[in-house]
Every structure is written in C-alpha cells, then in structure tokens.
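Residue numbers (my numbering): 42 to 162.
All C-beta atoms in this analysis are idealised placements derived from N, C-alpha and C, irrespective of residue type, glycine included.
Some notes on the structure that comes next.
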C-alpha cells in the first residue's frame, strides 16, 4: 500500500498528459468504427476521473467531482482554441460527462474500500 501511495500523483500526471495529448493534438484520432471517437472520450474521462479521485483521495469528493464535471466541457472547448481546425462537439462533451458519471458511480462502490486501504498504516 505504501507504493500505491507513492504512485498516486505520478499516475495522475501521466493520465492527464495522455488525455491532453489526445485532445489537443493537431489531427483527430482515426475512426476505428462508427462513433469510436465518442467511446474514446468516454473511456478517457472515465480513466481521468478515477485516477484523479484516487490521486486526491484525502480530499473530499465535493472538491474533486465538480472540477471533473467542469473539465468535461472545458477541455473540449480548449481543444478548439488550441487547434482551430478541430471543432467543438456537444456529443464529445456528453461522452466526457458520461465518463465522469460512470466513474462517480464506480467510486461510490469502491471508494471507501480504497480510502481505508490507502490510509491504513
């Protein structure tokens, strides 16, 4: 459990960097199948939300979850500002928010166990 505590912040930084690279790179990701980009958004924000909540496990969720829900549309908007040829998409925002909502539901189930496991000496 000590090693897990050491890895929480680096894991958050890595996850955030990968998400930002995916969202802010010049070209859109390839379409692997119909609406694959929406699934990528959902999975990326699901991962970011779980890793963020785990990284900041000592903070109350009232601080972490609202920031994640603001990041969902905010990063989609930022994508268009940084790469003007990429467009803002409400469907992408919906996929981002859905990922955060699923993470919130999962955290409601596993969060207490992780918190007690990480804070046990």
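In its chain, beyond the 5 residues on either side, no residue has a beta carbon closer than 6 Å to the beta carbon of residue 57. For residue 84, the enclosing alpha helix (DSSP H) starts and ends at 77–96.
Secondary structure of residue 47 (DSSP, three-state): helix. For the options 132, 59, 81, 94, the alpha carbon positioned closest to that of residue 118 is the one of 132. The alpha carbon of residue 86 has as its nearest neighbour, out of 153, 149, 141, the alpha carbon of 141. Judged by beta-carbon spacing, residue 83 lies beyond the 9 Å limit of residue 93, meaning their Cβ atoms are not closer than that value. If the five residues before and after residue 91 are omitted, its C-beta is found closer than 6 Å to the C-beta atoms of 144, all from its own chain and listed in chain order.
The beta carbon of residue 67 lies closer than 6 Å to those of 124 in the same chain, with the five residues before and after it left out. Taken through DSSP and simplified to helix, strand or coil, residue 101 comes out as coil. In the structure shown, the three-state DSSP call for residue 55 is helix.
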